Each structure stands twice: as C-alpha cells, then as structure tokens.
Amino acid sequence: MSAYRLADGGAIDRDRVVRFTFNGRAMSGFSGDTLASALLGAGVMLVGRSFKRHRPRGVLSAGPEEPNALVGVGEGGRFEPNTQATQIRLYPDLIARSQNHWPSLGFDALAALDAASALFPAGFYYKTFKSPLRAWPLYERVIRALAGLGEPPKLPDPDSYGERFAHADVLVVGLGPAGLAAARAAAEAGLRVIAVEQDFRPGGALLAAATRINGAPSDLFVDQQASALREAGARVLTRTTAFGVYDHGLVGLVERLAEPGQTPSGAIAQRLWKVRAGRIILAAGAIERPLTFADNDRPGVMLAHAGAAYAQRYAVAAGRRVLFVASSDADYAALDALLRCGVSVCAVIDPREMAAIAPPARVIAARAGEHRTETTVIGALGGARVEGARVRRRGVDGTLDGDAMLVAGGWTPTIHLHAHMRGALAYDAARGVFLPQSETDTVRAVGACAGVASTAQCWRDGWRAGADAARALGRSAPDDPSPEIDAPLDEHDGFALPIPPRGADKQAFVDFQNDVTMADIALAAREGYRAVEHLKRYTTLGMGADQGKTSNLIGLHALAATREATPGSIGLTTYRPPFTPVTLSALAHDQTGANLEPTRRSPIFDDLVAAGAVMQTSGLWLRPRYFATHGETLHEAALHEARAVRTAVGVADASTLGKIEIAGPDAGALIDLAYATGVRTLQVGKARYAVMLNDDGFVYDDGTIWRLGAERYLATASTARTAGVLQRLTFLRDVVAPHYDVDVFDATEAWAALVVAGPRAADVLRATLGDVPPMAPQAVVETPALRIARISYSGEHAYELYCRPDAASALWRNLHAAARAAQGALYGLEALEWLRIEKGHVAVGAEIDGRTSATDLGLKAFIKKAPHAGARAAQRPAFTAEGRWRLVGLRSAYGADIPEGAPLVDDAGEQCGRVTSSGFGVGVGGAVALGLMRDGPAHHGAIVTAASATRRRHVRVRVGPSCAYDPEGARLA
Amino acid sequence: MMVIPCPHCGPRTEIEFVFGRALEAAHAHDDPAAMMRRANPAGWTAEVWRHIHGCGAWIVVERNTATHAVKGTRLPEVPAP
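Now the structure itself:
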C-alpha cells in the first residue's frame, strides 16, 4: 500500500487489484479507480507537460473539466491521444503514457521554453517569425514540430461503433441529487425517461462529500434511487455523455461501453445516441475553479473538492501534508470530508478574518493542524511537486510547508447544454457567475447548474422539474419523498463570490491547458483585445480539449478587472457542442468503409462478373467498363467490343439507366411541362429522344420517352441524373402544377435493361425471342414481361430490352449466346463511350455539364416553341450571344490520341475551348473526340491544338461537325 | 436537426427531407429574375421541401430561419393563374 492510499474507505474493491502501465512502468490500482486516482494512489503526481511552456503538470480535478492530466492510452489502432486521466475507468492491462515532452516526462528538454517564456507572450505567433519573409518555411517546420497536443493514432481503429435513435418524454442529464430526483419524479409519473450520467457511477457531488441521507451514507441512497429508476421503467445510462443539444430537442449522447484504449468485451466500443427528447432537464452540476497565484499550476495543486473526491471515493490522499485553501464557508464541507477520510491537513488558509467565518466551519477547521485566517496564498513552492505555499497575512509574507494544496476558488455552473440552443443567461453579480435565465422551449436547468447551492435544495429543485414535466404531459405528479439530507454546511452558498483575480503575474495561470496567464490577459487587454471573443482568439484562453471549463470565468473576471467593467456587461464566448471531446469513430459509427454509402448492382451483376466484366463506379452503381475475356488490356478489349458493335452485334447491360413511369390523365401535360422536346405528337408505341432543361435554362439531362399507352409513358434518365430527374418531375407536379392528375414512379429497379446493337441486332433478337414483329426505328413493343424499343445510342441498329429483374439473367445469357453465334461480343462503358463520341452523342458530366445550353450542344432541333420549364431562362441574352462555347467534333490530325480534358489552343496561343470526351473511333478509323469551342460550328475545318500541360502532350486536332460517323443515319434505317 | 410534420406521414426527422427552395421562388420557377430575387428573411418563411425518404411528396414548410422553429406544413396549393 502506498503512502497515498488511505487505509480504508472509498468505493473501490481492494480485493481486485488492477495492473496497468504508465510510461512503461508497471503499476497497480483497484477496481473502481480511475487512471487519475490510481496514479495519485501510487504517488504519481507529475503526469504531463503543458502545451506551450512544457511546465510540469499534475492532476487538477477529478472530472471532465481536467485541463492537465492528458494522456495517450491504448496501442495500435486503439490508441487514443489527449484523454483525460480523470475520465478513464481503470481496466486491467491499461497502457497509458504522458504527452508533450522529450525525451522523458521527468526531464523535458523543451522545458527550456518555460525559462524563455518572456519570448512567448499572448499572440506571439502573430507578432514574431515575420521576417525575413523567406525564412518562414524554416520557422514553419520548427513550429509545426513543436505545436500540437498528443499524436494521432497511426493505424485504423479495429473496433465497431454503434448508433441508436431513441425518443423520450424527459431526458435528464446528470445524476447528482437534482438529476436523480428529476428522473425519479418523471419516471414514477409514468413518463418515458432517459437519464444519463457521464461518470461510471451516479451520484455526482454526493460521491465527493461526507453527506448522509436518511441516516446512512449517501452511496446507499444513490444506489436505491438508480434501482428505483430502472424499476419505474427509466433507461439509466452511465458512462454516457450528453455532448450537444440541437434543434427540436435532439440531444447527442456518447455511451462508452469500452474505456479509451480498451478492447471491447461486447460487440462495440462506443454507441452514439440520437435522442429526441420532449423535455431536457439539465442537472449537470457545477465545476470548481482554481485560484490564481504564482505557480498555481505546480503538480500537487488541486481543486479542493477534487481532493475530497479522491479521498472519499477512491481512498486516495492528494498529499501527506495537505494545505487547504478556502474561499467561503461552503468549502469547509470538502475539508470535513478530507478529515473524516483521514487525510492529514496541516493548515487551512482563509482570506477572511475569523469572525467572518461561520462557526461550524471553524469547528471543522479546528480538526486540522492550524487555521490561518486573513491569509492569502501568493505563490506555490516547488517544481515537479508542490513543496509549500508562500502566504501573506496583513502585508507580511511567510511560507507554509506542504506537499499538496487543495484550492477552492468558487463554482461555475455547467450551463453548456442550456447555451447550445442559445438559452438566455443572466449574470448574477453577487456570486460572479452566469445562470440560465429562463427555460428555453425544451431545456430546464435544475440544481447546481441553475445556481442552487445546497444538496437538499438540489433534490427538491430536481423533483419539482420532474413533477412539472409530468403535469405538463397530463400525468399526476408523485409526492416528493423528501429524503432527510445531512450535509455539512449545506445552507452555505458555495457560489459566493471569491476574491476577484487581479494582477499581471506571468506565473499565475488561468488556462492551464493553453498556458494562458494573468499577464497574457493583461497584455491582450492592453493591446486592445477587449472583447471576450477577441481575448479568446488572441490568447487561446478556453481553447483545447477542455474548452476552458475551469478557466473561462476566471479569464472573464480578469478581463473585466482590466476594463473596470463587470463580466455581465462583457458576456461569455459562445458555447458550442461537444461538451467534452467525442471520438470521430463514434460520430462515424458504422458508416465507414463499405458501409459509407450503398453499392448498387445490376440484377445480372453475377453474370457480368462471370463474363469477365471489369467494373467501374458510376454514382453508387457498379458498371462493366470492359470484358477482359482473353487477358486483353482496356484498350484492346474496348477495340474489339466496339468493332463487334459496328461490324456484327454487341450486347450490353443498361440496367442502371433511370426508368421513370409517368401515368394518368395529365401524364402528357406533365411531360410537356418538364421536357423541352415536344411529345404531344408522340404516338402510342413510339419513343422519342427528349431534352430536359433546368430552371436556369441549361440542359439538365437527356433521355428517351416511350409512349406505352394513351396515358402511360416511360421516361429514361441518365444513370447519374435519375434522382434529379425524379426530383424535377415531382417538383413540377406537386408545386408548379398540383392540379395535374398524374403519378410519377421511379421504376429503375423494377426493370433490367439489356441492349442489343449492331447490324445483326435483329437476328440476335429473333434468335433469342423467336418471332418478333419487325420494328421501325423508334418503335416500342410492350408485353407483360418485356418492353422493347428500337432506339440507339451507339449509332447502329439497336434495341433496348426491359424485363423483370429475375428474368434478366436468362435473357442476358441467351442474348450472349446468340450474339456469339453471330460473331458478336459483350461490350462495356469504354466501348460505348467510343461509339457515342464518334456518333456525336452528348453525355451527362462531359458535355452536359450544367453550363451548356441546348443550342451549345447542337440540340436546338429538339427544343419546342411551346412553353416548358426553363424556356424563359434559356431566352436570356447570354444564351444567344456570340462567343459561346459550342459542341464540335475533333479528329486527330496525325493520328495521336486526343487528351481528354485538354484545353483547345488556337494558333495565336489563346484558349478557344476544351476537349470534353475522347476515344478511338472504330467507325471512322482514328482518334476522335468531342469538345466545346468558342463559336465552334463556325470553325469547322480549322486545326487547333489540344494542349495538355498535365500530361505534357500537344495534339493537333481538326475541328468538324460533332457527328463523325454515319451523319446521314443510314445505319439506323 | 428539425422535426418536420409531413402532412402525409406525420412528424419526421429532418434527414428524411431535402430542401427545395423558398416558396416564392418555387412559384416563380419560370421567371429567372424573380427566381433569384427573394426576401431571405431572418424569421418566418415558407419553403418547399421534399419528403425524399418518406412519401416522396413536396410540401410547404413554414419555418423560422432564425430559430429553426417549424410552425406547420401543408401541401402546395394550386397557384393563382
């Protein structure tokens, strides 16, 4: 047993020793410890080095406000940096190491920065390293090496993380006395209650005090309340932090099922909860502040109530000769707990005169070594550990010996979750704190976070809130069981205003994590950073992993003192989620890797793979790029596939195409409104190419419209535009023309689509389907199982066959066999690109890029005169101005491949366009491309350069009509 | 994250919806000048949203842009000729 572990007491299991390592040293604690209590119990006070000045630092607190004791825990992918030692429940084989030092925690070479701290005042990085300018890369390298806190893990996180949605009538945040009461009242009334506590034990402040309830230690009472809550149907989540409140009662929770760095014993390490709460009862308590004296950051200087918590809950003494520094009568409750636990307190220091100190507090102090009244602490002695205090009494300085200082600087209500939704705050001048002024729609603060000081009143306040919630929802509220609470000095206000921080001491720290001192705040104010948000950014006060939980209010008081203003008139910086850091893994939960977004597969995906398809992604879809049948390269395969289509027949899968059914009396009218191409004259049994404009007048998509019946149409859409086309069609129907009687239905997945293209397409169709009546171009045939349209994208005689997905595999195989017999082949997207480029067909993403008009794309012939969506926008002057980039075909002048995306440069060296898509034209025999070129159609016959700087290729290209292959359409007849 | 009461489906969370545009801009969908010129108030406004992961319908949402409060929803009316 170390000298710091008390002989008895504490909520730890002394029969269960837990072994762990810290900085490679084997150590042990007990089940029920945190890493911080285990380290303190083993006598380890120095746990880290500060961010900027590399000063030695120890544990300051016992909770989520901890600014100093940041460690890296775990190994490999489970390594988690910047984790508060106060927030890790000790587990077997825990591996922790301290941060921010080199070569070791005990000897840190960079501690020299502390000696040179005069060079690093507030805002030094805005003032120094400015000249000479060319030296900045050197400065930057050094600064980057020194900057930052902790190191990120280098391996992927191997664990699983969960996500859960939940609804509650009442969500109670914090299970101290107020939260327990609120949750019980609401649960007993029959409301759906979720109650969360960030600690692994409920109880809050009761865990750190010698409070007795109903004649027994408060632990018993807390356990009873937790069981009663569960029996009443409440969901009680410990080790769960409510990290943010969002619109309409949404609260984000993180439940830790495994500790940082720990291998999860269950399936998942952490669970992200998204709770939609009708009401949020905030019982988050309050956080104690340190005092600002010189070297107040020395290891061994600890918050008074943290010292009490370590003694009461973990049976750990912060020191063997403790100095207790009080600010108000209520602080003596912590002293009482320390003394009852057997901690040796050699002196109690209080700035007030004896007469001002409440008699019960004096009685408690009499049990300590001595009671030094009218005495203020002006400095700490010691280096890596406190060795005593410098004190001043009536202008006379002296020293006191001690190996720990427990300081009570007053309490700051934890109002974060109230403020996340911009709940109003009011400054309480008598107590120097901000309190929730009014309830927001959903959040009600109770207990210490609402400024209620006494344990008994906290319970009553919480119960009232729970009962009010019950009544508001029409339930009868249960009676308060009014437990008998015996807490020392309970009637004294712990929020009483402490000594306001003054001065400009370079060694008196306000923000421990960011090394912001009283001198920095004074300097910032002197330099004009007098607004609190400016102060924060200039000094980094309140930034970092702890977000200034112990420091913000002190800094604000200090700033106010420099301005002769009140903190109330200056105001606080904005509170934003998260309350405490949330791991990215929890936020991502299971939506990582292959789960990030769904993968969409064609109904004949397996057949495609079996046929050698090499897939590419197209939005969420996987589509065959080419079929690697005989170890061919992409280029070889595409060449043979495209040739098969031009000379014999090709079969392709087009199931990813959008297929939207439009049916009803006003189906024709909706299509008329939605598409720029006229379909009024489209007869049943015919299909037509059609262009859709966006509201801005540019081309949005193109596709075909099949008239299947008098009031029944099928519109196809580009794979990547299907969702958008559906969005436009429904918008026009629901918002623009809600009087239309028409259904719009996305049937994309209801139909597989196979394409047969080539001079022998009709033979293959007959060989596969038996007797098919001859179909004229654009003809549509419909049977219950099959829809066939004779339409072509490749420029050859072609059919699109739509069948039910479960029939697609057989049809595909039959078509494939028939095509093979006809010297045909399967073809993929690469071959299809080559075919459509030489045919001059535009594609979404390449030519239809959101900036091209129908005229730009040579589609003017498909635009009707009658009104349609986007028509007026397309009449704006810029659409008809000269100099627009318009579609042209490009042929390689000397045979070289044309670099896709390359700018087109004229002989004067000016850019005059760009290559939008490029391929090899098997029909025309040579490299072909499409491009957009300034007044392109006026320059047919010109030769320009496709100049790709990135690929270092300059290719001379001849400009011509967009359609290079079969411009008369003879092959389609 | 808001809760939007869909006239067809009841209260649903915001992630089931996509924002369309301000209602005034929706009614001016074929008037390019009016479509881009809108009040953009800090306060109550009517917008069209689509319940894309629900019934698929476009609905009118009365929303406060400053507080994200949602007053109510309705199906779009037939615009005056």
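Protein chains in written order, with my numbering: chain A, 116 to 1088; chain B, 24 to 104.
Note that beta-carbon positions come from the ideal geometry of N, C-alpha and C, so glycine has one too.
Bear in mind the structure is a predicted one, so any value in this text is a computation, not a measurement.
With respect to the 8 Å criterion, residue 878 of chain A and residue 805 of chain A are not classified as neighbours on the basis of their beta carbons. Under the Cβ criterion of 8 Å, residue 100 of chain B is counted among the residues facing chain A. For residue 42 of chain B, the secondary structure class from DSSP, reduced to helix, strand or coil, is strand. Residue 605 of chain A: not part of any beta strand (DSSP E); DSSP gives it neither H nor E.
By the Cβ-count criterion, residue 740 of chain A is buried, with 16 or more other Cβ atoms from all chains shown falling within 10 Å of its own Cβ. In this structure, residue 668 of chain A lies away from residue 418 of chain A, with their beta-carbon atoms at least 8 Å apart. In the structure shown, residue 974 of chain A adopts coil according to DSSP, grouped into three states. When the Cα atoms are used, residue 801 of chain A and residue 776 of chain A turn out to be separated by approximately 15 Å. Only those residues of the region 45-62 of chain B whose C-beta falls short of 7 Å from the nearest C-beta of chain A are listed: 49, 52, 53, 54, 55, 58.
Counting only runs of at least 3 residues, the region 141-213 of chain A fully encloses the following beta strand (DSSP E) elements, listed from N- to C-terminal order: 185-188, 195-199, 209-213.
Annotated as distal: residue 493 of chain A and residue 441 of chain A, with beta-carbon spacing of 8 Å or more.
For residue 963 of chain A, the CB contacts under 6 Å within the same chain, skipping 5 residues up- and downstream, are 814, 957 in chain order. Distance from residue 293 of chain A to residue 526 of chain A at the Cβ level is roughly 14 Å; contact not present, criterion being Cβ atoms closer than 8 Å. Two segments are said to touch when three or more pairs of C-beta atoms, one from each, lie closer than 8 Å; by this definition the region 561-575 of chain A touches the region 593-613 of chain A. If you draw a straight line from the Cα of residue 808 of chain A to the Cα of residue 795 of chain A, it comes to about 18 Å. Assignment of residue 1039 of chain A by DSSP, reduced to helix, strand and coil, places it in the coil class.
Residue 949 of chain A and residue 904 of chain A have their C-alpha atoms some 22 Å from each other. Judged by beta-carbon spacing, residue 617 of chain A lies beyond the 8 Å limit of residue 645 of chain A, meaning their Cβ atoms are not closer than that value. Per DSSP, residue 478 of chain A is not a residue of any beta strand (DSSP E); the alpha helix (DSSP H) it occupies stretches across 474-481. The three-state reading of DSSP puts residue 277 of chain A in strand, counting E and B together.
Distance from the CA atom of residue 733 of chain A to the CA atom of residue 944 of chain A, rounded to whole angstroms, is 10 Å. Per DSSP, the unbroken alpha helix (DSSP H) holding residue 572 of chain A starts and ends at 570-587. Residue A:513 holds the alpha-carbon nearest to the alpha-carbon of residue 496 of chain A among A:560, A:485, A:513. Residue 130 of chain A has its alpha-carbon roughly 38 Å from the corresponding atom of residue 662 of chain A. Closest in C-alpha terms to residue 999 of chain A, from the list A:416, A:1028, A:755, comes A:1028. When C-alpha distances from residue 147 of chain A are compared across A:139, A:158, A:134, the shortest belongs to A:134. In this structure, the CA atom of residue 1083 of chain A is about 29 Å from the CA atom of residue 787 of chain A.
In this structure, residue 1052 of chain A places its C-beta atom within 8 Å of the C-beta atom of residue 1001 of chain A. Pairing residue 627 of chain A with residue 359 of chain A gives a Cβ-Cβ distance that is not under 8 Å. Closest option to residue 368 of chain A, judged by alpha-carbon separation, among A:714, A:942, A:503, A:701: A:701. Collapsing the DSSP output to three states places residue 876 of chain A in a helix. The beta carbon of residue 704 of chain A sits no closer than 8 Å to any beta carbon of chain B. Inter-residue distance for residue 224 of chain A and residue 504 of chain A is about 27 Å (C-alpha atoms, whole angstroms).
Rounded to whole angstroms, the gap between the alpha carbons of residue 501 of chain A and residue 307 of chain A is 50 Å. The three-state reading of DSSP puts residue 918 of chain A in strand, counting E and B together.
Taking a contact to require three or more Cβ pairs closer than 8 Å, the region 243-257 of chain A and the region 265-278 of chain A do not qualify as touching.
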